[in-house]
Amino acid sequence: MKAGSRPQYYRIRRMVQMVREGAETGYLPNSSDFMKEFEVSRRTVARDLDFLRDEENAPLAYDEARHGFRLTDETYMLPPVRISRREAFSFALARKLLAHYEDTPLHLDMRSVLDKIAESLEGDVTIEPDWLSEHVGVLPEDRVRIDPDVWAKLAGCVERCEAVRATYQTFDGRVSEYELHPYHLLAYHGNWYLMAWNAEKGRVATFALSRFRRIAATGQGYTRAAEFSPETYARQAFGIVGGEKPIKVRLLFEPKLAVYITERQWHPTQEFRTRRDGRVEMRLETTGRKELVRWVLSWMPDVKVLAPKSLRARIAEKLRDGLRAQQ
Numbered sequence: 001m002k003a004g005s006r007p008q009y010y011r012i013r014r015m016v017q018m019v020r021e022g023a024e025t026g027y028l029p030n031s032s033d034f035m036k037e038f039e040v041s042r043r044t045v046a047r048d049l050d051f052l053r054d055e056e057n058a059p060l061a062y063d064e065a066r067h068g069f070r071l072t073d074e075t076y077m078l079p080p081v082r083i084s085r086r087e088a089f090s091f092a093l094a095r096k097l098l099a100h101y102e103d104t105p106l107h108l109d110m111r112s113v114l115d116k117i118a119e120s121l122e123g124d125v126t127i128e129p130d131w132l133s134e135h136v137g138v139l140p141e142d143r144v145r146i147d148p149d150v151w152a153k154l155a156g157c158v159e160r161c162e163a164v165r166a167t168y169q170t171f172d173g174r175v176s177e178y179e180l181h182p183y184h185l186l187a188y189h190g191n192w193y194l195m196a197w198n199a200e201k202g203r204v205a206t207f208a209l210s211r212f213r214r215i216a217a218t219g220q221g222y223t224r225a226a227e228f229s230p231e232t233y234a235r236q237a238f239g240i241v242g243g244e245k246p247i248k249v250r251l252l253f254e255p256k257l258a259v260y261i262t263e264r265q266w267h268p269t270q271e272f273r274t275r276r277d278g279r280v281e282m283r284l285e286t287t288g289r290k291e292l293v294r295w296v297l298s299w300m301p302d303v304k305v306l307a308p309k310s311l312r313a314r315i316a317e318k319l320r321d322g323l324r325a326q327q
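If you're matching positions, the sequence shown starts at 1 in UniProt numbering and goes up one per residue.
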C-alpha cells in the first residue's frame, strides 16, 4: 500500500510511535516529518493531530524550543482497535487457517502479523478457542514441503529482476538445467510455483518450487516482458500450467453431475447450458492441456468430450492405456 493511501487509524498510531521514538532519540517529529512519512498534505496532518487530541485524548504538545511534538504524559496509550464480534470471529478463523501452513516459508511472518493485530484489538471482543475448535473445522490441503531457502532466493530474484541458473527435476524424474528469468511466485493447491521466462525455450513456463534441486543467482539483470501478466497467464490456464495456445473446449456431463459441476468455479471462462434431457454442456477456453486431461479423466464415464478432436483423441488414448495396465 502506498504511503499516501494509508487509512487514518494507521497514521495516528504511527504518529504516536514517531513521537515516542523522538523522545528517545532527542529529535521530535513535526508536521513536515508527518507529511513526508505519509505522503499527505499539511491539512491532512492537522486533521490527524486534532483527531488524536480530541477523539483519542492524546496528551500531545508542541515543543517550541525543539520544534516538534511530544507527549506530556509518557504513559499514554492509544485505545485498542475496536472490532465487531463478526470481525473477531473472522480473525480467530484466520489464525486457525494459518496453523495448516506451518511448513511454508511465510508462516513465521504471517504469524507475527496476526500476533501484532491481536495485541491491538479491543479486549472485550473475543471468540473462545474451544468454541471455535468444536464448531468450526478446516481440513488442510495436501501440501508439499518447500525449502525456505529456495523460496527466499527466488523471491529475491523476482524482486531484483535477476536471472538464475537452476537444476530442476520434472514430474517424470528427468533432471534439466535452465536459465530462468523469475517473474512471479504463486501458491496453488498446497504448493508454490514460479512463473519464469525460460531462456532456452523462449517462453514463459511454470516450475514447482519443490522440484528445484539447485538455484544460483547469475548477477545478470533482465527486463520482464511487457506483455506478461500473471493474472492473464493464470486466467488462461486450467490449473497452474499455462503458456500454450488456448483451445476452445466443449464437454457434456451426465445429469447426476449437473449440480456439482455447475455450482463450482473451475475456470474463469466457463459457461454452462443445461439440455432438455438434464445433461450439462460446459464451454471454456483454456491452456494447460495436461491438467485438463487429468481433470476430464476424473469424471469418466460421466463426461463426453465434444470438442476439440485433439482432446477427445488424447482422452481415448489415456483410457486405452489405463485399460491395458489393468489386464
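Glycine included, C-beta positions come from ideal geometry on N, C-alpha and C.
Could you tell me the alpha carbon to alpha carbon distance between residue i and residue j, rounded to whole angstroms?
i, j, result
"LEU252", "VAL303", "5 Å"
"ARG314", "LYS248", "15 Å"
"LYS309", "LEU292", "14 Å"
"ASP124", "THR72", "A caution first: ASP124 carries a pLDDT of 48, below 50, which makes its placement in the model unreliable, though a value can still be read off. Going by the C-alpha atoms only, they are around 29 Å apart."
"MET1", "GLU37", "The predicted position of MET1 is uncertain, since its pLDDT is 46 and thus under 50; a value taken from the coordinates is nonetheless stated next. If I take the Cα positions, the gap works out to 13 Å."
"ALA46", "GLU55", "14 Å"
"GLU263", "VAL280", "12 Å"
"ALA316", "ALA325", "14 Å"
"GLY156", "THR287", "29 Å"
"GLN265", "ARG289", "18 Å"
"LEU194", "LEU186", "6 Å"
"VAL136", "GLU231", "32 Å"
"LEU311", "VAL305", "7 Å"
"ARG283", "SER31", "59 Å"
"PHE171", "ALA217", "24 Å"
"PRO148", "ALA226", "29 Å"
"PHE51", "GLY26", "25 Å"
"PRO301", "ARG250", "16 Å"
Are residue i and residue j closer than 7 Å when you measure CB to CB?
i, j, result
"ILE215", "LYS153", "yes"
"ALA163", "TYR233", "no"
"residue 399", "LEU93", "What the structure shows of the chain is the stretch from 1 to 327, and residue 399 is not part of that stretch, so it cannot be assessed."
"PHE228", "ALA166", "no"
"MET35", "ARG43", "no"
"TRP197", "HIS181", "yes"
"PRO246", "GLU271", "no"
What span of residues does the alpha helix (DSSP H) with residue i cover, start to end?
i, result
"SER31", "31-38"
"ALA15", "Rather than Ala, the amino acid found at residue 15 in this sequence is Met. 8-25 is the span of the alpha helix (DSSP H), which, as asked, contains MET15."
"SER310", "309-325"
"ASP63", "Unbroken run through ASP63 is the beta strand (DSSP E), 60-63; no alpha helix (DSSP H)."
"ILE146", "Unbroken run through ILE146: none, as it is neither H nor E."
"VAL175", "Looking at the DSSP string, VAL175 is not in any alpha helix (DSSP H); the run it does join, the beta strand (DSSP E), is 175-188."
"TYR260", "258-262"
"ALA196", "No alpha helix (DSSP H) contains ALA196, which is instead part of the beta strand (DSSP E) from 191-198."
"ALA46", "42-54"
List the whole-angstrom C-beta distance separating residue i from residue j, where the pair is believed to meet the contact cut-off of C-beta under 8 Å.
i, j, result
"LEU108", "LEU98", "LEU108 to LEU98, Cβ: 10 Å. No contact."
"GLU200", "TYR168", "In fact, because the Cβ distance is near 12 Å, the residues do not count as touching under 8 Å."
"ALA61", "TYR76", "11 Å between Cβ atoms; not a contact."
"LEU209", "VAL150", "6 Å"
"ASP48", "ARG11", "5 Å"
"ARG70", "VAL19", "6 Å"
"CYS161", "ARG224", "6 Å"
Quick check on the DSSP output: the beta strand (DSSP E) that includes residue i runs from which residue to which?
i, result
"TRP299", "TRP299 -> no beta strand (DSSP E), and no H or E assigned at all."
"ALA163", "162-169"
"VAL280", "280-286"
"VAL249", "247-253"
"THR206", "203-208"
"THR274", "271-274"
"residue 328", "Any answer about residue 328 is impossible in this case: the structure gives the chain only from 1 up to 327."
"THR218", "212-221"
How should residue i be labelled, buried or exposed, when 16 other C-beta atoms within 10 angstroms of its C-beta is the threshold for buried?
i, result
"VAL158", "buried"
"PRO268", "exposed"
"PRO79", "exposed"
"ARG273", "exposed"
"PRO7", "exposed"
"PHE207", "buried"
"TYR183", "buried"
"PHE238", "buried"
"GLY22", "buried"
"GLY219", "exposed"
"GLY322", "exposed"
"VAL296", "buried"
"ARG145", "exposed"
"VAL175", "exposed"
"GLY68", "buried"
"LEU319", "exposed"
"VAL259", "exposed"
Consider the C-beta atom of residue i and the heavy atoms of the ligand GTP; say whether any pair is separated by less than 6 Å.
i, result
"ARG312", "No copy of the ligand GTP occurs in the structure displayed, which carries no ligand at all."
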